[in-house]
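Chemist:
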Amino acid sequence: MAPDEPVELTADEAFTWFFRTEYPGVVRTLTVMLQDREQARDVAQEAFIQLMRHWETVSRYERPGAWVRRVAIRLAMRGRRRDVLRRARERLAGPPQELAGTAAVPAAMDLLTAVRRLPPAQRAAVALFYYEDQPVSEVAAILGCTPSTARGHLHSARERLGRLLGEVHSDAG
2 MAPDEPVELT
12 ADEAFTWFFR
22 TEYPGVVRTL
32 TVMLQDREQA
42 RDVAQEAFIQ
52 LMRHWETVSR
62 YERPGAWVRR
72 VAIRLAMRGR
82 RRDVLRRARE
92 RLAGPPQELA
102 GTAAVPAAMD
112 LLTAVRRLPP
122 AQRAAVALFY
132 YEDQPVSEVA
142 AILGCTPSTA
152 RGHLHSARER
162 LGRLLGEVHS
172 DAG
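Residue numbers for the sequence shown, in the numbering used here: 2 to 174.
1) Which first and last residues belong to the alpha helix (DSSP H) in which residue 148 is found?
2) Kindly indicate which residue of 124, 69 and 81 has the alpha-carbon position closest to the one of residue 26.
3) Please report the distance separating the alpha-carbon of residue 48 from that of residue 158.
4) Using only the alpha-carbon positions, how far apart do residue 56 and residue 139 sit?
5) Rounded C-beta distance between residue 44 and residue 67? I'm assuming under 8 Å.
6) With DSSP as the reference, label residue 99 as helix, strand or coil.
7) Which residues mark the beginning and the end of the alpha helix (DSSP H) in which residue 13 is found?
8) Buried or exposed for residue 23, please, with buried defined as at least 16 other CB atoms from any protein chain shown within 10 angstroms of its CB.
9) Does the distance from the C-beta atom of residue 161 to that of residue 119 stay below 9 Å?
10) Would you kindly work out how many angstroms separate the C-alpha atoms of residue 12 and residue 123, rounded to a whole number?
11) Measure how close the beta-carbons of residue 129 and residue 30 come, nearest whole angstrom, since I'm counting them as under 8 Å.
12) Could you spell out the range, first to last residue, of the alpha helix (DSSP H) harbouring residue 175?
13) Have a look at 84, 80, 111 and 17 and flag the residue whose alpha-carbon is nearest the alpha-carbon of residue 167.
14) Classify residue 62 as helix, strand or coil using the three-state DSSP reduction.
15) Could you have a look at residue 139 and say whether DSSP puts it in helix, strand or coil?
16) Residue 156: buried (16+ other C-beta within 10 angstroms of its C-beta) or exposed?
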């Protein structure tokens, strides 16, 4: 074999290379979404397990990274919905955990806390666009929506973050 010839990787070697390349970014996105690094790692591992099951097909896709991110985000969103439902059931079953009026947003809320208050699709769009530096077209592909919907998620997220963080926009010049 000549030094310039490309080396053919086995399927296992290709998956290992892909995992090592993509896993940190997937965990980073999920950490922003979930606000819990360990939970993000768990969800990312589950997404990569699903990828491994479908590797023969997905490895031939133009953007297998988008596939694994879409799976990871869906798993995270499903898990969040389960957590919200569980907490709601616990609140109904037990004594109130918060007194009326104490749920007000503090003036000095930090950005990640504010991002956590966004709806899941907006949180995912923010994580992909701002933290992973993905273009809107890639955000849309990963979220399984059109680019205009992805831009809408980003716009709504920016507006909500502005309100949560107490930023006032003035049209007066």
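Cβ coordinates follow ideal geometry from the N, Cα and C atoms, glycine included.
As the structure is a prediction and not an experimental result, all values here were calculated from the model.
Modeler: In this structure, then:
1) In the sequence shown, counting from the first residue as 1, residue 148 sits at position 147. Looking at the DSSP string, the run of the alpha helix (DSSP H) that includes residue 148 is 148-165.
2) Counted from its first residue, the sequence shown places residue 26 at position 25. Among 124, 69 and 81, the Cα nearest to that of residue 26 is on 69.
3) Along the sequence shown, read from residue 1 onward, the residue named residue 48 stands at position 47. Along the sequence shown, read from residue 1 onward, the residue named residue 158 stands at position 157. Computed Cα separation, rounded: 25 Å.
4) As a position in the sequence shown, residue 56 is number 55, starting the count at 1. As a position in the sequence shown, residue 139 is number 138, starting the count at 1. Residue 56 and residue 139: Cα-Cα distance of roughly 21 Å.
5) Here residue 44 is taken as the residue at index 43 of the sequence shown, counted from 1. Here residue 67 is taken as the residue at index 66 of the sequence shown, counted from 1. At roughly 16 Å, the Cβ-Cβ gap does not stay under 8 Å, so residue 44 and residue 67 are not in contact.
6) As a first step, residue 99 must be located in the sequence shown, where it is residue number 98. Low confidence applies to residue 99: its pLDDT is 41, below 50, so where it sits in the model is not reliable enough to give any reading.
7) Numbered from its first residue, the sequence shown carries residue 13 at position 12. Per DSSP, residue 13 belongs to the alpha helix (DSSP H) from 12-35.
8) Along the sequence shown, one-based indexing puts residue 23 at 22. Buried.
9) Translated into the one-based positions of the sequence shown, residue 161 becomes position 160. Translated into the one-based positions of the sequence shown, residue 119 becomes position 118. Cβ atoms of residue 161 and residue 119: closer than 9 Å.
10) In the sequence shown, the residue the question calls residue 12 occupies position 11. In the sequence shown, the residue the question calls residue 123 occupies position 122. Looking at the two C-alpha atoms, the distance is approximately 35 Å.
11) Residue 129 sits at position 128 when you count from the first residue of the sequence shown. Residue 30 sits at position 29 when you count from the first residue of the sequence shown. That pair is a contact at about 6 Å.
12) Residue 175 is absent from the structure shown; the chain starts at 2 and stops at 174.
13) For the purposes of this step, residue 167 is identified with residue 166 of the sequence shown, where counting begins at 1. Here the closest residue by C-alpha is 111.
14) Translated into positions along the sequence shown, residue 62 becomes position 61. Three-state DSSP puts residue 62 in coil, outside helix and strand.
15) In the sequence shown, counting from the first residue as 1, residue 139 sits at position 138. The answer is helix: DSSP assigns residue 139 an H, G or I state.
16) For the purposes of this step, residue 156 is taken as residue 155 along the sequence shown, with counting starting at 1. With fewer than 16 other Cβ atoms within 10 Å, it is exposed.
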